[in-house]
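Participant: Chains as they are written, first to last, in the numbering used here: chain A, 24 to 396; chain B, 0 to 244.
I have a structure I would like to understand better, so I am pasting it below and will then ask my questions one at a time.
See below:
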């Protein structure tokens with residue numbers, strides 16, 4: 024062991040343990056508390072929170088590692104990871120397990136892995152690299168827009184076949200926002216939306232559960248006993264919390280009536296415990312995350328870094344706001360989790376990876392502009 | 000005409016300015032989220048709580064025990080006793096019916112011996128009376144099962160007892176059971192019904208989506224006021240008792 028080793032270790036830790044990373048771990052612990060709050064009445068009260076804690080420990084290690092990794096190393100390694108994870112997206116259709124009609128998980132001795140979650144940061148890196156490579160043709164349709172659109176379509180196709188339209192929506196919104204922010208032409212995005220609208224309407228019309236979700240979203244009371252049930256319970260759970268909440272451990276409505284109070288509905292569960300006043304910090308954290316990404320983008324001179332940071336920030340932000348909007352009845356129900364808070368190891372891994380990549384890329388934000396890398 | 004190529008530095012400048020719109024967009028979205036939160040959790044909260052109360056809270060009465068009718072010497076002529084009955088709605092599912100049947104017959108031994116499993120299976124869906132007077136030990140054994148199965152329940156009933164002499168009984172009158180409470184319909188039972196009846200208590204409990212009680216939410220919202228004892232101008236004299244004998 025040379026004298027350089029402790030210095031390297033200190034540098035590693037200094038780069039790996041950042042205030043944002045610590046905040047993420049803190050939110051992860053809050054998530055464990057929220058999951059326990061929603062599930063402690065079950066016969067196995069530590070079934071969910073125990074697993075989530077183990078995933079959190081792994082995620083913390085991953086976060087430190089990714090944050091401390093050099094940007095260039097990440098760019099060297101990610102293509103191989105992307106290939107592996109992309110293959111997993113197709114393999115899960117064949118070998119995966121089906122939950123609630125969606126074949127999206129690999130299961131092994133009670134451990135579930137959802138490739139579409141883990142793929143998010145890799146998709147963003149692919150998108151950022153694609154934008155970087157086509158930067159010279161940014162305003163063009165054929166050489167500037169179609170290639171990056173192809174990246175999106177390649178990644179969302181296997182996810183649509185699961186089917187997991189909530190996650191597909193996250194990918195699409197991330198693509199659209201990142202492309203627009205990185206100098207793309209909004210006309211192409213609008214044109215794509217118009218052209219794909221008939222196909223979207225056809226898919227929604229032909230898929231019964233999607234149709235039910237939209238009709239119940241428009242008139243939840245009319246479908247109170249069926250597809251509108253979840254929407255009504257979101258509202259009632261939040262109302263039960265009131266201004267100041269019922270306190271931790273007393274989220275009675277969430278435990279009794281609200282489906283998936285530990286994952287898809289966790290924001291409403293926390294709302295019943297903490298009240299309106301307790302939920303406001305969550306909204307502020309989301310705004311703070313966007314501001315943090317904005318400040319990092321302002322300081323970089325690298326197009327690739329700017330695209331990557333924008334993508335990671337937007338991906339998590341879109342996911343979080345879709346979750347909040349669904350819980351508030353502003354969007355039809357989807358199976359989207361709240362990053363760092365909801366139960367789900369794959370989502371936790373994807374989130375900390377995205378945060379770690381933002382930290383790693385931000386560290387090299389003062390490098391000179393690069394035209395060809 | 001070809002689209003002019005842009006240098007990356009120009010694109011970075013564009014991205015910096017467009018990212019500001021991104022911040023504004025998410026800022027507006029967060030304001031909409033906050034407004035919606037306030038609407039549900041503060042402004043319209045009462046409306047949602049009323050809906051929740053209608054759909055999930057159940058109110059019921061706690062019957063009061065009826066007062067006694069006493070003669071001038073304080074001898075009881077009419078009195079009530081409380082008993083606990085056990086009823087079972089036979090499940091439609093044969094496997095569940097068998098499982099519950101075996102549990103009931105091995106754990107509590109309350110079933111009449113004349114009934115059999117085959118007999119039960121032919122009457123699925125029916126509610127049958129398993130026992131009409133549980134003792135404390137039987138009650139303690141059954142209580143955990145009633146929490147697990149929503150088709151097994153224990154209810155209380157009152158039974159009115161009267162002095163066995165026909166002439167006295169005729170003057171005492173009769174009661175009817177209405178909503179679990181004894182109501183006087185003739186004789187002294189009717190004449191003094193307002194004093195004898197007492198005032199029932201009230202409780203409320205939350206129901207889960209299957210209609211089962213959530214025990215931890217049970218709360219009494221009004222106390223029971225037992226009925227008063229009433230003295231009537233009669234005397235059960237020793238002569239009358241000898242005559243009866």
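In this text, a Cβ means the ideal position worked out from N, Cα and C, and glycines have one as well.
Small disclaimer: the values here were computed from a predicted structure and weren't measured.
Rounded to whole angstroms, what is the Cα-Cα separation between residue 0 (chain B) and residue 163 (chain A)?
Facilitator: Note on residue 0 (chain B): pLDDT 37, under 50, position unreliable in the model; the coordinate value appears next. Straight-line Cα distance between these residues: approximately 11 Å.
Participant: Short of 6 Å in beta carbon distance, which residues of its chain neighbour residue 135 (chain A), apart from the five on each side in sequence? Order them along the chain.
Facilitator: If we look at residue 135 (chain A) and ignore the five residues flanking it on each side, its Cβ neighbours are 128.
Participant: Determine which residues of the region 193-206 of chain A have a Cβ less than 7 Å from any Cβ of chain B, and write them out in chain order.
Facilitator: Residues 200, 203, 204, 205, 206.
Participant: Listed in chain order, which residues of the region 182-205 of chain B have Cβ atoms closer than 8 Å to some Cβ of chain A?
Facilitator: Listed by position along the chain: 205.
Participant: Quick one: which residues of the region 59-92 of chain A get their C-beta closer than 8 Å to a C-beta of chain B? List them in chain order.
Facilitator: For the region 59-92 of chain A, which is checked against every Cβ of chain B, not one residue is closer than 8 Å.
Participant: Is residue 181 (chain A) helix, strand or coil by DSSP?
Facilitator: DSSP places residue 181 (chain A) in helix when its eight states are reduced to three.
Participant: Might you give, ordered along the chain, the residues of its own chain that have their beta carbon closer than 7 Å to the beta carbon of residue 130 (chain A), omitting 5 neighbours on each side?
Facilitator: So the qualifying residues of the chain are 120.
Participant: Please report the distance separating the alpha-carbon of residue 179 (chain A) from that of residue 191 (chain A).
Facilitator: Cα to Cα, residue 179 (chain A) sits roughly 6 Å from residue 191 (chain A).
Participant: Below 8 Å on C-beta distance, what does residue 25 (chain B) contact in chain A?
Facilitator: 309, 310, 313, 340, 344, listed in chain order.
Participant: Please report the residue range of the beta strand (DSSP E) in which residue 202 (chain B) lies.
Facilitator: Unbroken beta strand (DSSP E) run through residue 202 (chain B): 200-205.
Participant: Hey, which unbroken runs of the alpha helix (DSSP H) at 4 residues or more fall wholly within the region 114-162 of chain A?
Facilitator: 138-156, all fully within the region 114-162 of chain A.
Participant: Under a three-way DSSP split, which group does residue 173 (chain B) fall into?
Facilitator: DSSP places residue 173 (chain B) in coil when its eight states are reduced to three.
Participant: Suppose contacts are defined by Cβ-Cβ distances below 8 Å. Is residue 194 (chain B) in contact with residue 66 (chain B) by that definition?
Facilitator: In this structure, residue 66 (chain B) lies closer than 8 Å to residue 194 (chain B) by Cβ.
Participant: According to DSSP, is residue 91 (chain B) part of a helix, a strand, or is it coil?
Facilitator: Note: residue 91 (chain B) maps to coil in three-state DSSP.
Participant: At which residue ranges does the region 8-95 of chain B contain complete beta strand (DSSP E) runs of 3 or more residues, listed in the order of the chain?
Facilitator: DSSP runs (the beta strand (DSSP E)) wholly in the region 8-95 of chain B: 56-61, 75-88.
Participant: Which one or two residues does DSSP pair with residue 128 (chain B) in a beta bridge?
Facilitator: Answer is B:86, bridged to residue 128 (chain B).
Participant: Whole angstroms are fine: how far does the CA of residue 223 (chain A) sit from the CA of residue 113 (chain A)?
Facilitator: If I take the Cα positions, the gap works out to 22 Å.
Participant: For a contact defined as C-beta to C-beta under 9 Å, what are the partners of residue 123 (chain A) on chain B?
Facilitator: The premise fails here: residue 123 (chain A) is roughly 18 Å from chain B at the closest Cβ pair, so nothing lies under 9 Å.
Participant: State whether the region 323-335 of chain A contacts the region 40-58 of chain A, with contact taken as three or more CB pairs (one from each stretch) at a distance under 8 Å.
Facilitator: No contact exists between the region 323-335 of chain A and the region 40-58 of chain A.
Participant: Can you tell me which of B:171, B:95, B:103, B:55 puts its alpha carbon nearest to the alpha carbon of residue 234 (chain B)?
Facilitator: The candidate whose alpha carbon is nearest that of residue 234 (chain B) is B:171.
Participant: Sort A:205, A:172, A:235, A:236 by Cα distance to residue 219 (chain A) and report the nearest one.
Facilitator: Comparing Cα positions, the closest option is A:172.
Participant: At a Cβ cut of 8 Å, what residues of the region 28-45 of chain B count as close to chain A, listed as they run along the chain?
Facilitator: Those would be 28, 29, 31, 32, 33, 35, 36, 37, 39, 40, 41, 43, 44, in chain order.
Participant: By Cβ distance below 7 Å, which residues in the same chain neighbour residue 183 (chain A) in space, the five residues on each side in sequence not counted?
Facilitator: Answer for residue 183 (chain A): 191, listed in chain order.
Participant: Taking DSSP as the reference, what is the three-state secondary structure of residue 266 (chain A)?
Facilitator: In this structure, residue 266 (chain A) counts as coil in the three-state DSSP scheme.
Participant: Given a cut-off of 8 Å on the beta-carbon distance, is the pair residue 378 (chain A) and residue 86 (chain A) in contact?
Facilitator: It is a contact, given that the beta carbons lie within the stated cut-off.
Participant: Could you please give the first and the last residue of the uninterrupted alpha helix (DSSP H) stretch that includes residue 188 (chain B)?
Facilitator: Looking at the DSSP string, the run of the alpha helix (DSSP H) that includes residue 188 (chain B) is 186-190.
Participant: So if I threshold CB-CB distances at 9 Å, which residues from the region 142-157 of chain B count as touching chain A?
Facilitator: The residues in question: there are none.
Participant: Using a Cβ cut-off of 8 Å, pull out every chain B residue sitting near residue 258 (chain A), in sequence order please.
Facilitator: By Cβ distance, chain B contributes 39, 47.
Participant: DSSP has residue 160 (chain B) in a bridge; who is on the other side?
Facilitator: Answer is B:78.
Participant: Within 8 Å of any Cβ in chain B, is that where the Cβ of residue 269 (chain A) sits?
Facilitator: Output row for residue 269 (chain A): interface = no.
Participant: Starting from the Cα of residue 358 (chain A), find the closest Cα among A:334, A:149, A:290 and give me that residue.
Facilitator: Ranking A:334, A:149, A:290 by Cα distance to residue 358 (chain A) puts A:290 first.
Participant: For residue 335 (chain A), return the contacting residues in chain B, with the cut-off set at a CB-CB distance below 7 Å.
Facilitator: Simply none; closest approach about 13 Å.
Participant: In whole angstroms, what separates the C-alpha of residue 147 (chain B) from that of residue 88 (chain B)?
Facilitator: Cα to Cα, residue 147 (chain B) sits roughly 14 Å from residue 88 (chain B).
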